[in-house]
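If you're matching them up, the sequences are chains A and B in order. Residues in the first sequence are numbered consecutively from 1, following the working numbering. Residues in the second sequence are numbered consecutively from 328, following the working numbering. Input: a single structure, listed below in structure tokens.
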Amino acid sequence: MKRLAIFLAMLTAAPAAAQVDAVIDDHILPGYAAFSETAAGLRDTAVRDCGSDALRPAWNETFDAWLGVSHLTFGPVEQDGRSVAVAFWPDERGATPRALTALIGDQDRIIDDPQGAAELSVAARGLHALEYLLYDDRFAGSGAYGCALMRALTADLAALAEQIDDAWRSGYARTLRTAGAPDNTVYLGEREARQALFTALTTGLEFTADQRLGRPMGTFERPRPTRAESWRSGRSQRNVILSLQALSGLARELTDAATPQTDAAFARAIGLAERLGDPALAGVAEPSGRLRVEVVQQAVRAARDAVLEEIGPSLGVSAGFNSADGD
Amino acid sequence: MRLLTATTASCILTATMTLAAEPREVLDTYADIAEAGYADSLTAAHRLQDAVAAFLQEPSPEGLDAARAAWRDARVPYMQTEVFRFGNAIVDDWEGRVNAWPLDEGLIDYVDPSYGGATDANDYAALNVVANPVFTLSGRKIDATEITPALLRDVLQEADGVEANVATGYHAIEFLLWGQDLNGTAAGAGDRPWTDFSTGEACTNGNCDRRAAYLRVATGLLIEDLGYMASAWASDGAARETLLGDETKGISAILTGMGSLSYGELAGERMKLGVLLNDPEEEHDCFSDNTHASHYYDGLGIRNVYAGRYTRPDGTVVSGPSLSDLVAAADPETDARLRAELDASVAALEAIRNAADQGMAYDMMLGRGNAEGEALIMGAVEALVTQTRSIERAVAALDLGGIAVEGSDSLDDPNAVFQ
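Listed below in structure tokens is the structure:
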């Protein structure tokens, strides 16, 4: 079995450059374009109407689009902390409500400056800060300042999304495509491009298993439903499903080799996540509900194992370091 | 393709055995540096304990200053050992006892009203054990009349399963010596009055005897914990034995430690996030304003293990065949690049240290609109991220197969999967 895998790896290692192109053209660029488009829509909606009822659907569409690319933690999104500014989570010490309370309490006029929101703490920016403003009663009656803040933060998010999209189109896609070329100082060999994509795949699976599912699970004695990602808007389960679908798409583009174990593992994980019937993952508070979430988590980890054993060797790479290394 | 690479690499490894470093010798050097680093940390902690004992015996401003200086000195060797944490499970499992961070310091002692009380994430963020000899924790009544090692280690540390409940280690001691830094991103560190430890009428902020007891016990625990780790790296120690048990895994552990500390931990969690949050509490040594030094020695530790060379606080040097020698034999270009990048990150961290020594403390660098401070920190972040890519290249050059992949139940035996 092992020998067979190595043999297959030898057969498939050569045309991998075509796979990098496929990932860029069919996964990365359309993903960021969709994110930029939905974020612009959210910004425009806020200009017309800054009320929660009008903004919630546009915010949800933007979050959906972000999940299509949230696992891509390298390149333009890594510069200037953009990924953290888009999605500051997990928020271990409640920095987001603290920062928003301070802004509103001070009626801080920095947000009147078109570039002002970009100067704010990342805890007060992006999708998760907007979720507090849209779904948490504490911020419901923030009046004219709340409205101005909503407009500033949605404009900031749209600007971030546009910058990332532009940077990919105008340069970074080429950097990744030309890995190993003499003038390429980022990717010194063609292999390094494959490794960056492979690391994004495995890291994304680990993030969904350990954070999106693992954080609310807590321990058996002490489950933590309010540590779920975006539980306030009741889309924690949806985030798991959409992230898995995006990762499954990346896995499919990344190799031409047959990957029966990976395909089966993704299908199982996605199926289990879809059947969970627990939008905010609040079910973890009860032993049976926690068990159901744990089954999904195991399935996601099984998908990661399949990817490591099946796709890694076919690309001739292993996972590199990721930002979750450490604590 | 992969078979060919593997064969070539093992030929090189075989060839180098007679020419340059052997993996076994490289691991010996690494373990020797660990042993020396933890022994030096232990020695420095004993000096801290002496200074604390003298201060508590007869509280005075000079006594508190001396204890604070001893704490700063104690950080110098310890931070250089952080690189051993990732990649060596025995260190990682133990590390939380001595260097857990960030902490909700209100667990331990009084805090300013602006700190607030319990948070969404931590019901015990403002427990204040110094002021409360009896309290309820996770539904259990706790008698803390006497402040004991067991109380700190087994009851309060990570109380209620919350990591921010840090009751032991360098940062708990730091909080007791300095108090909260209430200056935000403006100049100034924590300024706890020395009279917080006075006896009788002179006691400020109440419960000085309990506060003194806490400081004494926490310092004693630090010594106990460092002693454990120093012996784990001595000959026949568990950490050394594990490392030497499998040469490939051992070399992998060195590189894993270097890469994880460079990227996820130091560049990400400790540096970049602080800048992005503009939050002075996001500095590693936030009470003492010693963060610039801690980050510098963290970075130096990464270079130490690659170069196989550690300069002890007394100036003597521990050195031997290095990982650099091993990588150079397999891929001289990657070795040269990585050495240059490690020098660059140490230089960038040194620039932060110099700026802090000249008056711009690390928390001031985090301030909204401090472009110079942000550039200093982000320069070091970039250097650390850059070297991480070359650490990955070194992994590839030695054909170590990257992170260790455990056998997978789901693939080996589908029926074993938790249904």
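Built from N, CA and C at the ideal position, the CB exists for glycine as well. Nothing here was measured: the structure is a model prediction, and the numbers come from that model.
When you measure from the CB of residue i to every non-hydrogen atom of the ligand GTP, does any distance come out below 6 Å?
i	result
Leu504(B)	Ligands displayed in this structure: none; no statement on the ligand GTP is therefore possible.
On the CB-based measure, 16 or more other CB atoms within 10 Å of its CB, does residue i come out buried or exposed?
i	result
Pro57(A)	exposed
Glu310(A)	buried
Asp91(A)	buried
Pro520(B)	exposed
Ser290(B)	Residue 290(B) is absent from the structure shown; chain B starts at 328 and stops at 746.
Arg695(B)	exposed
Thr463(B)	exposed
Val296(A)	buried
Asp431(B)	buried
Gly320(A)	buried
Arg3(A)	Note that Arg3(A) scores a pLDDT of 33, beneath 50, so its modelled location is shaky and nothing firm can be said.
Thr208(A)	buried
Lys599(B)	buried
Gly312(A)	buried
Pro476(B)	exposed
Ala158(A)	buried
Asp684(B)	exposed
Pro225(A)	buried
Leu331(B)	Model confidence at Leu331(B) stands at a pLDDT of 34, short of 50, so the residue's coordinates are unreliable and nothing is read from them.
Pro216(A)	buried
Thr175(A)	buried
Arg412(B)	buried
Phe220(A)	exposed
Val461(B)	exposed
Thr526(B)	exposed
Thr531(B)	exposed
Met1(A)	With a pLDDT of 32 at Met1(A), under the threshold of 50, the modelled position of that residue is not reliable, and the figure given next carries that caveat. Result: exposed.
Ser362(A)	Summary: the structure shown does not reach residue 362(A), with chain A confined to residues 1 through 327, and so no result is reported for it.
Arg48(A)	exposed
Gly81(A)	buried
Gln472(B)	Before going further, note that residue 472(B) is Thr rather than Gln in the sequence given. Flag for Thr472(B) reads exposed.
Which two residues bound the contiguous beta strand (DSSP E) that contains residue i?
i	result
Ile748(B)	The structure shown does not extend to residue 748(B), since chain B is modelled only from 328 through 746, so no value can be given for it.
Val645(B)	644-646
Please report the residue range of the alpha helix (DSSP H) in which residue i lies.
i	result
Ser318(A)	First-last for Ser318(A): undefined, no H or E at that position.
Arg194(A)	190-207
Phe266(A)	260-274
Tyr555(B)	535-560
Gly502(B)	Checking the displayed sequence, the identity of residue 502(B) turns out to be Phe instead of Gly. Run containing Phe502(B): 497-505, per the alpha helix (DSSP H) assignment.
Val464(B)	Looking at the sequence shown, residue 464(B) is not Val but Leu. No alpha helix (DSSP H) contains Leu464(B), which is instead part of the beta strand (DSSP E) from 461-464.
Arg630(B)	618-634
Arg151(A)	143-167
Tyr590(B)	Counting along the chain, Tyr590(B) falls outside any alpha helix (DSSP H), and DSSP gives it neither H nor E.
Asn426(B)	416-426
Val293(A)	287-306
Asn239(A)	236-254
Met217(A)	214-217
Phe174(A)	Going by the sequence as given, residue 174(A) is Arg instead of Phe. Residues 173-177.
* Asked: Touch check for the stretch 96-106 of chain A and the stretch 20-31 of chain A: three-plus C-beta pairs under 8 Å?
  -> no
* Examine the Cβ distances between the stretch 550-562 of chain B and the stretch 685-705 of chain B and report whether three or more of them are shorter than 8 Å. => no
* **Three-pair Cβ contact test at 8 Å for the stretch 704-723 of chain B versus the stretch 584-601 of chain B** => yes
* Jot down the residue ranges of each uninterrupted beta strand (DSSP E) in the stretch 6-64 of chain A, minimum 3 residues, whole runs only, in chain order. => Within the stretch 6-64 of chain A, no complete beta strand (DSSP E) run reaches 3 residues.
* Asked: Taking Cβ-Cβ distances below 7 Å as the criterion, which residues of the stretch 580-596 of chain B are in contact with chain A?
  -> Gly586, Ser587, Tyr590, Gly591, Glu592, Gly595, Glu596
* **Cβ contact check for the stretch 16-27 of chain A and the stretch 118-135 of chain A: 3 or more pairs under 8 Å** => no
* **the stretch 594-619 of chain B: positions lying closer than 9 Å to chain A by Cβ** => Ala594, Gly595, Glu596, Arg597, Lys599, Leu600, Val602, Leu603, Leu604, Asn605, Asp606, Glu608, Glu609
* With 9 Å as the limit, tell me which residues of the stretch 695-711 of chain B have their beta carbon closer than that to any beta carbon of chain A; keep them in chain order. => Arg695, Gly696, Met705
* Touching or not, the stretch 388-402 of chain B and the stretch 488-503 of chain B, by the rule of three or more beta carbon pairs under 8 Å? -> yes
* To do: Please name the residues in the stretch 462-492 of chain B whose beta-carbon is closer than 9 Å to at least one beta-carbon of chain A, in chain order.
  => Ser465, Asp487, Gly488, Glu490, Ala491
* Asked: Taking Cβ-Cβ distances below 8 Å as the criterion, which residues of the stretch 125-140 of chain A are in contact with chain B?
  -> none
* Name the residues in the stretch 404-429 of chain B whose C-beta lies less than 8 Å from a C-beta of chain A; which are they? -> Against chain A - using a Cβ distance shorter than 8 Å - the residues of the stretch 404-429 of chain B are Phe413, Pro429.
* To do: Report the residue ranges of all alpha helix (DSSP H) runs contained in full by the stretch 682-728 of chain B; include only those spanning at least 4 residues, in chain order.
  => 689-692, 698-724
* Three or more C-beta pairs closer than 8 Å, one from the stretch 200-216 of chain A and one from the stretch 55-75 of chain A: is that the case here? -> By the C-beta criterion, the stretch 200-216 of chain A is judged to be in contact with the stretch 55-75 of chain A, since at least 3 inter-stretch pairs fall below 8 Å.
* Are at least three pairs of beta-carbons, each pair with one atom in the stretch 163-175 of chain A and one in the stretch 644-661 of chain B, less than 8 Å apart? -> Segment contact: the stretch 163-175 of chain A against the stretch 644-661 of chain B, fewer than three CB-CB distances shorter than 8 Å; contact not assigned.
* Decide if the stretch 374-383 of chain B is in contact with the stretch 510-517 of chain B; the criterion is three or more beta carbon pairs, one per stretch, under 8 Å apart. => no
* What residues from the stretch 90-106 of chain A come within 7 Å of chain B, judged by C-beta to C-beta, listed N to C? -> Glu92, Arg93, Gly94, Ala95
* To do: Please name the residues in the stretch 70-86 of chain A whose beta-carbon is closer than 9 Å to at least one beta-carbon of chain B, in chain order.
  => Glu78, Asp80, Gly81, Val84, Ala85
* Is there contact here, the stretch 615-625 of chain B with the stretch 442-455 of chain B, by at least three beta-carbon pairs under 8 Å? -> no
* Asked: Looking at C-beta atoms only, is the number of pairs between the stretch 624-631 of chain B and the stretch 665-677 of chain B that lie closer than 8 Å three or more?
  -> yes
* **Ordered list of alpha helix (DSSP H) runs contained in the stretch 378-407 of chain B, each at least 4 residues** => Within the stretch 378-407 of chain B, the complete alpha helix (DSSP H) runs of at least 4 residues are 388-406.
* Any residues in the stretch 211-243 of chain A with a beta carbon nearer than 9 Å to a beta carbon of chain B? Which ones, in chain order? -> Gly218, Thr219, Glu221, Arg222, Arg224, Thr226, Arg227
* Asked: Would you say the stretch 562-573 of chain B touches the stretch 655-664 of chain B, given that touching needs at least three Cβ pairs under 8 Å?
  -> no
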